[in-house]
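As numbered in full-length UniProt numbering, residues 1 to 86 make up the sequence shown, in order.
Okay, so here's the structure we're looking at.
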Amino acid sequence: MAKYRKKPVIVDAFQWTGGRNQTEDPEWVCDCIKAGLIIFRDGAMLIETLEGVMQAKPGDYIIRGVQGEIYPCKADIFKQTYERVI
1 MAKYRKKPVI VDAFQWTGGR NQTEDPEWVC DCIKAGLIIF RDGAMLIETL EGVMQAKPGD
61 YIIRGVQGEI YPCKADIFKQ TYERVI
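Structure follows, in structure tokens:
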């Protein structure tokens, strides 16, 4: 079986705190909320992704991919997979 390495790509991301004091609300997230792609229910963020609706919980990272797609990622997986470039 062949092995593969993930290509280095740069994505936009932020860590969602789930609180009212969220200080970092990227414009692209606000646009997704206005478009109905992100809604909030019972303390969770529900995100319409390419694979269907996914749930983000406080502490998760919200990522905008290279084609503009958005999706959540658990903090531990995010930290293993990504590093800050800017």
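All C-beta atoms, glycine included, are put in the ideal place defined by N, C-alpha and C.
Please classify residue i as buried or exposed, where buried requires at least 16 neighbouring CB atoms within 10 angstroms.
{"i": "R30", "result": "In the sequence under discussion, the amino acid at residue 30 is Cys, which differs from the Arg named in the question. So C30 counts as exposed."}
{"i": "I10", "result": "exposed"}
{"i": "I38", "result": "buried"}
Would DSSP call residue i helix, strand or coil?
{"i": "Q67", "result": "coil"}
{"i": "D31", "result": "helix"}
{"i": "T81", "result": "helix"}
{"i": "D12", "result": "strand"}
I'd like to confirm the pairing. Which residues does DSSP put opposite residue i in its beta bridges?
{"i": "Q22", "result": "Beta-bridge pairing links Q22 to no other residue."}
{"i": "E48", "result": "V53"}
Return the Cβ separation of residue i and residue j in integer angstroms, given the expectation that the two are a contact with Cβ distance under 8 Å.
{"i": "A56", "j": "W16", "result": "6 Å"}
So the candidates are the options; which of them puts its Cα closest to the Cα of residue i?
{"i": "C73", "options": "R5, R41, C32 and D12", "result": "D12"}
{"i": "C32", "options": "R20, R64, E24 and R41", "result": "R64"}
{"i": "D60", "options": "G68, K3, G19 and A2", "result": "G19"}
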